[in-house]
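Structure first, then comments.
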RNA sequence: CGGGGCGUGGCGCAGUGGUUUAGCGCGCAUGGUUCGGGACCAUGAGGUCGUGGGUUCAAAUCCCACCGCCCCGACCA
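Numbering (the working numbering), first residue to last: 12 to 584.
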């Protein structure tokens, strides 16, 4: 492609809205352009990168037997009513009405649609297993779009769905995807780790996230330095130390206006770990519960939801007042025999604790959990925090920011049951299809490559996803000789199946060199008057900054060698 | 949704009651000189000053409302 006829608009200055390295590089290089908050155009260069990524994804999904299809981006309300997610999705779902007033949404995901296909097309165990996938635009009205294309409101997702007759089949499909994803991200040249995840809204089945370690990662990954334990903070469990304080009778202490753990521990001059936080959770259809947690820990809501159900929410101040007779911050578990109380297992045997007195401006000291509170069950309900040890090996835990590139999870029969997607098994019994759901965010792969590989000067694309392989830089396109030589080289390289962008613009050299760096094309070939005179061409590798000088006749061979070398740097095996 | 910031040619910004046609740099167009790291000269095009309303002899500038974008938080794949 010729630069002077292309829609490539690099920016000389940083746009004011840049938020991260990848955002800056993608904007500056003219890969993307923002239209509205969280809504982007993929300009030709960016689109080429995304197409490269989708090709890799297709190859790897086809390899595990996936069949590509394309579902609609919009869908009618009814199917979402059936699964209950018309309500559940809330404000994250873009909704609209057609001319007749029927409700529609722009699909945030496609479980419902795929299950609808499955229920009409899958009749027998003989039709299983299946893996269906699509590469589709998804719409989610994010409360806060961020980091350019990393968290946007319209984004491209590869989503696949496995259909199996039983859990063994699902295990296999899950494993296939895990392997396919590993190959995909490796082929895209990214560094990543597979971590245990919590399914979130999707359900409680096994789930793994493919996390890239980058500064702007929005999730926290907990990683053991000693063994293979890797988990997102939500899914991570850590080992903490049980602490005991001097046992004694309960005494009331005056703590005027001191509500938070920091305020109370500061006021009483004790460590936060000496406190017990009492949290009151209510649900529209279930019994309220009290959760007890040591003051130096935070509650893990994912665990709470998995254990007790997604309908539980922190109680409002009014509810707390009504049940405890005190403001939030002054409540405690003692004397609450009519409410189920669950405690974090670090409180097992805890003595001498401080907690709310159920009386405004008062706390109590000397709480002995076993003696004074009827605990229904001790559970690990806390977030891991720095200093905790690995539950597998007691090794040291490390925390880092992870960008979620992909997520695989075992849905089980959640959707097939609610939507009635069943099949007849070998014995003629009707059973729900066992499903899995698997996603990859294409833009995140693109952004991640910029985050991990890019430098000050611009993007540095892994060759597998680079928009072009060779940047053919012609120094003076007004010079007929250079143009003719450049054309010759272009032909030879094209014949060797390279994808090439020729910078034939009549602008100063510096602009061309700078744009080459901004665009992040792996290999640069420079044609200039000096080179022509001596039949020398200069080849430069963006990633390694290596320079080679070759004669015209050696050029293609050398480029092939370099391409091979660059591919080998990130091969799967 | 709470707190804050911003909105002026394509991009980055200045102008915050009155210099008769709203500036600057970059970019763009035309001509010329250049041509191994954002070069130079000349000429030129391009603006509903986010939108609506108000105050005033006079508003980009003051007031009100709304919209948009961004940041921090809440929330979230």
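For each residue, glycine too, the CB sits at the ideal point set by N, CA and C. Bear in mind that the values here come from a model prediction, so they are computed numbers and not experimental data.
query                                                                                                                                                                     : result
Alpha helix (DSSP H) containing residue 303: first to last residue?                                                                                                       : No alpha helix (DSSP H) holds residue 303; the beta strand (DSSP E) holding it covers 300 to 305.
Using the C-alpha atoms, what's the distance from residue 317 back to residue 468?                                                                                        : 46 Å
Just the Cα atoms here: how many angstroms apart are residue 309 and residue 251?                                                                                         : 13 Å
Near residue 127, which residues of its chain fall below 7 Å by C-beta distance, leaving aside the five closest residues on each side in sequence?                        : 90 and 430
With respect to the beta strand (DSSP E) encompassing residue 220, which residues constitute its N-terminal and C-terminal limits?                                        : 218 to 224
Return yes when the Cβ of residue 79 is within less than 8 Å of the Cβ of residue 227, no when it is not.                                                                 : no
Which residue wins for smallest C-alpha separation from residue 535, given the options 543, 510 and 541?                                                                  : 510
Please state the DSSP three-state secondary structure of residue 388.                                                                                                     : strand
For the beta strand (DSSP E) that residue 463 lies in, which residues bound it at each end?                                                                               : Careful: residue 463 lies outside any beta strand (DSSP E), inside the alpha helix (DSSP H) at 453 to 464.
Roughly how many angstroms lie between the CA atoms of residue 342 and residue 304, to the nearest whole one?                                                             : 13 Å
Is the beta carbon of residue 512 closer than 8 Å to that of residue 493?                                                                                                 : no
So, is residue 489 buried or exposed, given that buried needs 16 or more other C-beta atoms within 10 angstroms?                                                          : exposed
Spatial neighbours of residue 387 within its chain, please: CB distance less than 8 Å, with the 5 preceding and 5 following residues excluded, ordered by chain position. : 351, 352 and 353
Restricting to runs no shorter than 3 residues, where is the beta strand (DSSP E) found entirely within the region 360 to 414?                                            : 364 to 367, 373 to 378 and 388 to 390
Whole angstroms are fine: how far does the CA of residue 505 sit from the CA of residue 566?                                                                              : 12 Å
Do three or more CB pairs link the region 287 to 305 to the region 232 to 244 at distances below 8 Å?                                                                     : no
Please confirm if the region 409 to 417 is in contact with the region 438 to 445, defined as three or more CB-CB distances below 8 Å between the two stretches.           : no
When we look at the beta-carbon of residue 579 and count the other beta-carbons within 10 Å, is it buried (16 or more) or exposed?                                        : exposed
Who are residue 647's beta bridge partners in DSSP?                                                                                                                       : A question about residue 647 goes unanswered here, because the residues of the chain that appear run from 12 up to 584.
Which value, in whole angstroms, describes the spacing of the CA atoms of residue 108 and residue 569?                                                                    : 59 Å
With three or more beta-carbon pairs closer than 8 Å as the criterion, would you say the region 256 to 265 touches the region 394 to 412?                                 : no
I'd like to check one pair, residue 573 with residue 550: are the Cβ atoms closer than 8 Å?                                                                               : yes
Return the CA-CA distance between residue 139 and residue 410, expressed in angstroms with no decimal places.                                                             : 41 Å
Per DSSP, what kind of secondary structure is residue 264 in: helix, strand or coil?                                                                                      : strand
Do the region 49 to 63 and the region 172 to 181 make contact, defined as three or more Cβ pairs closer than 8 Å?                                                         : no
Which of the three DSSP states, helix, strand or coil, is assigned to residue 271?                                                                                        : coil
So, using beta-carbon positions, are residue 51 and residue 419 closer together than 8 Å?                                                                                 : no
By a C-beta neighbour count over all protein chains shown, 10 Å radius and 16 as the cutoff for buried, is residue 165 buried or exposed?                                 : buried
Looking at the structure shown, is residue 184 part of a helix, part of a strand, or coil, going by DSSP?                                                                 : helix
Quick one, are the C-beta atoms of residue 367 and residue 262 less than 8 Å apart?                                                                                       : no
Taking all protein chains shown into account, decide if residue 392 is buried (16 or more other Cβ within 10 angstroms of its Cβ) or exposed.                             : buried
Compare the Cα-Cα distances from residue 120 to each of 101, 151, 556 and 320 and report the closest residue.                                                             : 151
From the DSSP output, read off the bridge partner residues of residue 171.                                                                                                : 144 and 449
Along the alpha helix (DSSP H) that carries residue 286, what are the first and last residues, could you check?                                                           : Careful: residue 286 lies outside any alpha helix (DSSP H) and carries neither H nor E.
Tell me whether residue 263 counts as near the ligand NAP, meaning its Cβ is closer than 7 Å to at least one heavy atom of that ligand.                                   : This structure simply doesn't include the ligand NAP, nor any ligand for that matter.
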